[in-house]
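Note that the protein sequences, when read in sequence, are chains A and U.
With the numbering used here as the guide, the letters of the first sequence map in order to residues 225 to 645.
With the numbering used here as the guide, the letters of the second sequence map in order to residues 477 to 1183.
Glycine residues also receive a C-beta, built at the ideal position from the N, C-alpha and C atoms.
Right, one structure below, let's go through it.
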Amino acid sequence: MVVDGCRTPFCRSGTAFRDLGTYDLGRAAVAGLLHRTRIDPHVVDLLVMGTVIADPHTSNLGREVVLGSGLANSCPAHTVTVACVSSLQSALDCVRAIATGAAEVAIAAGAETLSDAPIRYRRSIRRRLIAAQRAKGLGGYLRLLAGLRLSDLLPEPLALAEFSTGEVMGENGERLAKRLGITREAQDAYAARSHYRAAEATANGLLTRQIVPMFAAPSFAPMRTDNGIRGDTGPEKLAALRPAFDRRFGTLTAGNSSYLTDGASAVLLASEKAAQNLGLEPLATVRSSSVAGLDPLEELLLGPAVTIPRALEAAGVGLADVGVVELHEAFAAQVLAVLGLLEDETFCRERLGLAEPMEPIETGRLNAWGGSLAVGHPFGATGGRLIATCCDRMRHENARFGLVAACASGAIGIAMVLERA
Amino acid sequence: MAMIRTEIRPDGIAVVTLDHPAKPVNTLSPALLEEFLESAAPLLEDERVRAIVLASAKKETFIAGADLEVLDGMSSAEEAEALSRQGNALLSRVASSRTPVVAAVHGAALGGGLEVALACHYILASDDPATVFAQAEVLVGLNPAGGGSQRLIERVGLIAGLPLLLTGRRVRARRALQIGLVDAITTPGGIVDTAARAAAMLADGRLQRRRRRRTLLDRVASTPPGRALVVRAARQQLARRTRGLYPAPPAILDCVETGLKHGIQAGLDRESEHFGRLAMSDESRALRWLFFAMKALSRPVTAAPSRPVTRLAVLGGGLMGSGIASVSLGVCPVVVRDISDDALAATARAVDSGLRKQVRSGAIRRIEHDRRFSRLNLTQEMDAVEGADLVVEAVFEDLELKRQLLVETEERVAAEAVLASNTSALPISAIAAGAKHPERVLGMHYFSPVPKMPLLEIIVTEQTAPWAAATAHAFGTAQGKTCITVKDRPGFYTTRILSPYLNEAVVLLQEGAGVLAVDDAMKDFGYPVGPLALIDEVGIDVGAHVAAELGRAFAARGLEGTDVLPRMLEAGLKGRKSGRGFYRYPEAGRRGRKRVNREVRTFLQAGPHRSMTEAEIQDRLVLLMVNEAAHCLGEGIVSSPRDGDVAAVLGLGFPPFRGGPFHHVDAIGAGTVVDRMKELADRHGRRFDPAPLLLELAVSGGRLRSG
């Protein structure tokens, strides 16, 4: 059962959170979750942390966050990395642990910062540094310099491209947009709507509940809202931007792609019995889930198109019955692609083995409070945000079922069907 | 019952373990000395023994110092001197023994405990927050009488050593290693075995005591002229700081100098001489008494059950609120609620800075800083107080605001939650009027700065339930405060006895005394801060407000406040917070000392400058404070002279070596006090009329305090 979910404000990388690491962000989200639910920290017996860019200080960020946020030393934790769906995977790990009785109360967390990154030395330097530990005497050290070129001293370029295909994600988005004929105008319109909805939701206080105010060093001035939302972004403004991934013929721009963001999220899950014993009022149950792997070249961003039908079938729920849909917006093109394919007869028949296409997801149901394009996308934390938003929306809109889905680098997709408690 | 266990291991290493059977800590006493001579000292000459390890079986203490109760039982300086000589003789035997002795120190090594370690040939300390060293005798008016003044200087040098001897400050393991106080640090687990390994290596000559790195200053200070300079500078600084009021520090300096000039035995002899004298001194008696009183107050004072506090809410994130949060984060999660984001950010900064200081000093580990900061919830939402077991309100001194907050709080917390106000002068009953459950409303009056000031004044009304008072007491103790409980009357206790004292200081100015003359006179009496500087610190706005309130309440006794403070306030002089008050303060960020503010003259309508003797100034101010304390005791506002003394010393800076206002009355004699006050009443007014309790005592010849 999902008891509660929250997140730190999401901030554009290089701005308000640029001095924080994933440890600090993760701690803040988990501490915020403990404060708002007022549970005794000792009852949490598992934490799973989703994060993508490795923290230079520790390989098990989840465990460090347990130790630094006031959870008990006895709470085990592990860290998962599945690109943009990492904290959805965290949630699934927690659900399965609870289902098998390995845990009664668990926290699915996610954290990411793109303001800092582990910048590495090149292999020729690394090899020499490691050998230096065994070097003996001045001669030994000097021998290590043999064959070193000046260019070896440059840092290794950051790995933003898909390892398997060599394509940067935006380039793959272009590939997808061209293949499916998704126009620039459609993408810009979608992006503008996401920003508009996020700004409205913020102004109306709908997002207040899920955000944990951050008091971060060094100024400790409180951050209570996301700082990347541009409510005044109209399609005309977006139309002026140049394509980012294919300069000559492309349609994906910085405006209709998600931006680098820092932030963290945390979701509290518990077994029904534990929730009862602790006097907690859960928001939802996880009715079903689906995890799929797809083709990295032509289907990198289409995970939801495969996992949504599967999750719905596993839950025994039709898409028409789902009142709230929260779909991760990596690119406007990706969202439109997924929506289009779900309604496409050929795709549904040949790829999904369905007799008929899925019902359309009207704009009213989809990302009504804005999405990743506007709010921001800290890779590891987005899954938690989707779950929290879905639960809040189900309550606000009085919906019985909610659907959460996201795609990820590596051509993975996860979808979850939630039922209001 | 044996306090010492000895064991000779097969490899020839003897382990001597101190373990008092009845107390949670080890202390030094004549009985322990005797037992040591009988069971452990012979090992020094035993041929089977290659080396000795000295350790404690207690969880967080090596040796906590000498058993002070033993001193209280002595009736002559000779007795105390003899005890010191005996101890010195034994420790000298240890220090000069051919058999190496290793001290395995885990936990606190204080006073005599540190001296025992210093007499050993090698000190191994555990790297643990509980391990702390202090030559703390000076804090109870004594001098180290077991070789501390000799061996500590020998180990760490004059520059590092003198401050430790003269202030009794605590040093943690890492710093102790840095300055050369200990030879090595290790993990606490298995420290006895590690020490045994070190002992064996010492016996084989494979290990030497660590030579500390000596800086240039150290080297200069160890030459005779350099030494003389350092000692002279220390003597001057001491005179300035203690104003000659504390006899122990100069005695300690004398022991150090004697030892350096004439050798260690001369120094040890001097230690014993001074110790005998100081043990019988009034100052030391008063300080030792305070030490025991504070310990007694840390235990629950009633049988009433206290409720556990698993969540604290603080309303108001100002200076007091953030201080209260800081000292509570080690106990439970804390919610701080304030309507201003600036205040919340300032609270976050203050808490973080306090935690980082603790990490730097080694009091907590870095991960504990992270944990404690995570326990802090800063919010503008009043709903966040739900689930709190204790709510402390620390907002402005505005009755309506406090009442309103009480109402809003009651709507959100359980009936068993304790609601406390940090007010310094508003009646708790007025704040609690209209409460649905007044039995859980009380006052918790903290002192600023909260992390440093040890006193917590708990104020109970007629309606306050014992369990609520017990809960406040237990929580205050968990925060590290010494708690006293007083009744809800105007000014409670501390504010009430402080007010006439401060008011009189201003009256003296009006009679022509100088600002510095008044402040210096009181510092010469032993107060750490002069009364006028104190008014500036507290704030002239606060001072004026309190004086008006209490003046009204006690007008019948002639205690109306002067109108000087309100007029200064009108002119914008608020004290330190506005940069000007009785003194002018350097601007924020600039260095410099405060200077007397000449403007003050204009508010005084004073006659020509009149010089008063220090005695006159001291009498008028101190007797008013003491008299008011007697009123409070007579009216049952404070429940015992012990409580009244501890509160005045810890909360108001009453000179600790004088023991407190009641101890002071006993020292001078109630008769003398009454006579002097009647004289002052004739000359200056009714406010000097002696309290009924003092009049009774003057007649009966009794004392306020037993002991």
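Residue i: contacting residues in chain A (beta-carbon distance under 8 angstroms)
| i | result |
| --- | --- |
| Asp-817 of chain U | Ala-445, Pro-446 |
| Arg-847 of chain U | Leu-291, Gly-292, Ser-293, Gly-294 |
| Gly-863 of chain U | Arg-262 |
| Ala-427 of chain U | Nothing in the structure corresponds to residue 427 of chain U, since chain U is present only between 477 and 1183. |
| Thr-970 of chain U | Ordered by position in chain A, no residue passes the 8 angstroms Cβ test against Thr-970 of chain U, which lies about 32 angstroms from the chain. |
| Asp-828 of chain U | Ala-441, Phe-444 |
Chain A contact residues for residue i, given Cβ-Cβ distances below 7 angstroms
| i | result |
| --- | --- |
| Ile-843 of chain U | Leu-291, Gly-292 |
| Arg-825 of chain U | Phe-444 |
Beta-carbon spacing of residue i, residue j below 7 angstroms
| i | j | result |
| --- | --- | --- |
| Ala-1106 of chain U | Ala-1167 of chain U | yes |
| Asp-814 of chain U | Gly-792 of chain U | yes |
| Leu-978 of chain U | Ile-1011 of chain U | yes |
| Val-290 of chain A | Arg-251 of chain A | no |
| Val-562 of chain A | Glu-553 of chain A | no |
| Ala-585 of chain U | Phe-538 of chain U | yes |
| Gly-1057 of chain U | Leu-1045 of chain U | no |
| Ala-499 of chain A | Met-225 of chain A | yes |
| His-921 of chain U | Ser-900 of chain U | yes |
Classification of residue i by the beta-carbon crowding that lies within 10 angstroms, buried from 16 upward
| i | result |
| --- | --- |
| Gly-334 of chain A | buried |
| Glu-580 of chain A | exposed |
| Val-641 of chain A | buried |
| Phe-968 of chain U | buried |
| Ile-629 of chain U | buried |
| Glu-1063 of chain U | exposed |
| Gly-1183 of chain U | Confidence at Gly-1183 of chain U is low in this model, with a pLDDT of 47, below 50, so its placement is unreliable and the value that follows should be read with caution. Gly-1183 of chain U comes out exposed. |
| Pro-1148 of chain U | Sequence inspection shows Thr at residue 1148 of chain U; the Pro mentioned does not correspond to that position. By the neighbour-count rule (16 or more Cβ atoms within 10 Å), Thr-1148 of chain U is not buried but exposed. |
| Ile-585 of chain A | buried |
| Lys-957 of chain U | buried |
| Ala-387 of chain A | Residue 387 of chain A is actually Phe in this sequence, not Ala. It is exposed - the Cβ of Phe-387 of chain A has fewer than 16 other Cβ atoms within 10 Å. |
| Gly-460 of chain U | The structure shown has nothing for residue 460 of chain U, since chain U only spans 477 to 1183. |
| Ser-311 of chain A | buried |
Range covered by the beta strand (DSSP E) that runs through residue i
| i | result |
| --- | --- |
| Ser-924 of chain U | Run containing Ser-924 of chain U: none; DSSP gives neither H nor E here. |
| Lys-963 of chain U | 958–963 |
| Asn-396 of chain A | That residue, Asn-396 of chain A, is in no beta strand (DSSP E); its alpha helix (DSSP H) goes 393–404. |
| Asp-486 of chain A | 485–494 |
| His-302 of chain A | 301–304 |
Interface partners of residue i on chain U, CB under 7 angstroms
| i | result |
| --- | --- |
| Arg-358 of chain A | Simply none; closest approach about 29 angstroms. |
| Arg-251 of chain A | Asp-846, Ser-850 |
| Glu-255 of chain A | This sequence places Ala at residue 255 of chain A; Glu is not what is there. Residues of chain U passing the Cβ test: Ser-850. |
Continuous alpha helix (DSSP H) stretch holding residue i: start and end
| i | result |
| --- | --- |
| Met-677 of chain U | 667–679 |
| Glu-510 of chain U | 506–511 |
| Thr-426 of chain A | 408–427 |
| Ala-1124 of chain U | 1117–1128 |
| Ala-906 of chain U | 904–908 |
| Ser-602 of chain U | That residue, Ser-602 of chain U, is in no alpha helix (DSSP H); its beta strand (DSSP E) goes 598–602. |
| Leu-773 of chain U | 758–773 |
| Phe-951 of chain U | 942–954 |
Residues that residue i contacts on chain U, provided the C-beta gap is smaller than 8 angstroms
| i | result |
| --- | --- |
| Ala-332 of chain A | Within 8 angstroms Cβ-Cβ: nothing; Ala-332 of chain A doesn't reach chain U, min ~18 angstroms. |
8 angstroms contact criterion, which residue i and residue j should meet: CB distance rounded
| i | j | result |
| --- | --- | --- |
| Gly-607 of chain A | Gly-390 of chain A | So it is not a contact: roughly 26 angstroms between Cβ atoms. |
| Leu-600 of chain U | Ala-660 of chain U | 5 angstroms |
| Gly-394 of chain A | Ala-468 of chain A | 6 angstroms |
| Val-304 of chain A | Ser-293 of chain A | With 8 angstroms as the limit, Val-304 of chain A and Ser-293 of chain A do not qualify as a contact, their Cβ atoms being about 18 angstroms apart. |
| His-601 of chain A | Ser-418 of chain A | Rounded, the Cβ-Cβ distance is 11 angstroms, inconsistent with contact. |
| Gly-1127 of chain U | Leu-931 of chain U | 4 angstroms |
| Gly-622 of chain U | Glu-591 of chain U | 4 angstroms |
| Ala-801 of chain U | Val-790 of chain U | 5 angstroms |
| Arg-569 of chain U | Leu-520 of chain U | 6 angstroms |
Partners in chain A for residue i, counting only beta-carbon separations shorter than 9 angstroms
| i | result |
| --- | --- |
| Thr-855 of chain U | His-259, Pro-437 |
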